[in-house]
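Protein chains in written order, with my numbering: chain A, 2 to 95; chain B, 2 to 95. All residues carry an ideal CB built from backbone N, CA and C; glycine is no exception. Remember, predicted model here, so these are calculated numbers, not experimental data. Right, one structure below, let's go through it.
There are 2 protein chains.
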Amino acid sequence: MAGQDVIFIGNKPPMSYVLAIITSFSSGSLREVVLKARGAAILTAVDVEEITRTRFIKDLKVKNVVLGTAEMPPREGETKSRMISTIEIALSRA
Amino acid sequence: MAGQDVIFIGNKPPMSYVLAIITSFSSGSLREVVLKARGAAILTAVDVEEITRTRFIKDLKVKNVVLGTAEMPPREGETKSRMISTIEIALSRA
Chain A
2 MAGQDVIFIG
12 NKPPMSYVLA
22 IITSFSSGSL
32 REVVLKARGA
42 AILTAVDVEE
52 ITRTRFIKDL
62 KVKNVVLGTA
72 EMPPREGETK
82 SRMISTIEIA
92 LSRA
Chain B
2 MAGQDVIFIG
12 NKPPMSYVLA
22 IITSFSSGSL
32 REVVLKARGA
42 AILTAVDVEE
52 ITRTRFIKDL
62 KVKNVVLGTA
72 EMPPREGETK
82 SRMISTIEIA
92 LSRA
């Protein structure tokens, strides 16, 4: 069965997410890995995809990129919720 | 003739790029605006697209997103060139 793994990109070093992608695709029947990130981690997500594709998985393809907006609860001491940009990068092997 | 504008996203405030997009689409025959950014400006580019779509141009569509890598010259005092992630976001009106 074609599987899909979701990897949430946060503030760990990019290489830890690269390894997570490599591990996911090594597990056999997996067809797709989706990277999800918001705010500053969007840059990390793009870096992770590019490092993985250019250095480790040469046949990696970006199948789809979805941009969006999420509402975040107000910071402590503030009253207004904040809008934050999001990205989803769907990856597959050719 | 269907035109295409390219807007390079740098470190100005996001709203100045939002205005550039609105101005481009107001100019008549234009069919597509492409946002190009690299490095930290990738986050700005996504924010700019989301602000424009959610607040100003309701029928804005993300037609295509291309991720890539560019080689930057070494910083002063360094010898190795650096790799930097890039994004191109193609926008159109539905």
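Ala42(B) is a Cβ neighbour of Gly11(B), given a cutoff of 7 Å. Exclusion of the five residues before and after Asp60(B) leaves Arg94, Ala95 as the residues of its chain whose Cβ lies within less than 7 Å of its Cβ. A direct Cα-to-Cα measurement between Glu89(A) and Val7(A) gives close to 10 Å.
Interface annotation, Thr55(B): in contact with chain A, CB-CB separation under 7 Å. The alpha-carbon separation between Met16(B) and Val49(B) amounts to approximately 7 Å.
Excluding residues up to 5 positions away in sequence, Thr87 lie with their Cβ nearer than 6 Å to the Cβ of Gly69(A) in the same chain. With respect to Thr55(A), Val19(A) sits apart: the two C-beta atoms are not nearer than 7 Å. Residue contact check for Asp48(B) against chain A: a CB pair falls below 7 Å.
Chain A places a beta carbon closer than 7 Å to that of Thr70(B), counting this residue as a contact.
When DSSP states are grouped into helix, strand and coil, Asp60(B) belongs to the coil group. Contact check for Ser27(B) and Val34(B): beta-carbon distance about 11 Å, past the 8 Å limit, so the pair fails to qualify. Across the structure, Glu77(A) and Leu31(A) are spaced so that their CA atoms are roughly 41 Å apart. Under the three-state reduction of DSSP, Ala38(A) is assigned to strand.
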